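In the numbering used here, the protein residues as written are 138 to 330.
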């Protein structure tokens, strides 16, 4: 249902563009953009990604630590299954199940928080990006710019010559005034004996 709702306006817009072109009007300038890639490639996008990694890194490490605990308990259970009393096996099995549930809850919560933060950042940067795209389209005479970031865009083919993603990233970065993010420090060369 949603795909047809999205495709109908695109089809109508495409027909209008073709009709204008056939009516002897000057050529209609059309461009495409990979908006998600553009947002990620901007200095703001790179800074936001680094901030998210910094904020959510400890939660990832905590999940790894909890996973290790579960694996250690599972190994203990497997190694003692023939020597432990039935009561000890049941107690250990309950502890493993509880830790698995806590681990899964931790992972689910972290994933939900991460997705929410990523969406917030994409919305915020997307709004800024739209201002840049509007200005670029007006300054360069574009009648239509299509986002081809997803397969659901309805665009089946577009020439790379009309891709304005890099131009938009450059213009966005110029307008944001942020310096480029620092490159990660190179690891020291390992000495071979």
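No residue lacks a Cβ here, since even glycine has one placed at the ideal position from N, Cα and C. Just so you know, these numbers come straight off a predicted model, no measurement behind them.
- When secondary structure is reduced to three states using DSSP, residue 217 falls in the helix class.
- Distance from residue 169 to residue 292 at the Cβ level is roughly 7 Å; contact confirmed, criterion being Cβ atoms closer than 8 Å.
- In the structure shown, the three-state DSSP call for residue 172 is helix.
- For residue 305, the enclosing alpha helix (DSSP H) has its first and last residue at 302-313.
- About 5 Å separates the CB atoms of residue 262 and residue 176; that is less than 8 Å, so the two are in contact.
- In this structure residue 236 is not in contact with residue 198, their Cβ atoms being roughly 17 Å apart against a cut-off of 8 Å.
- Where residue 280 is concerned, the enclosing beta strand (DSSP E) starts and stops at 279-284.
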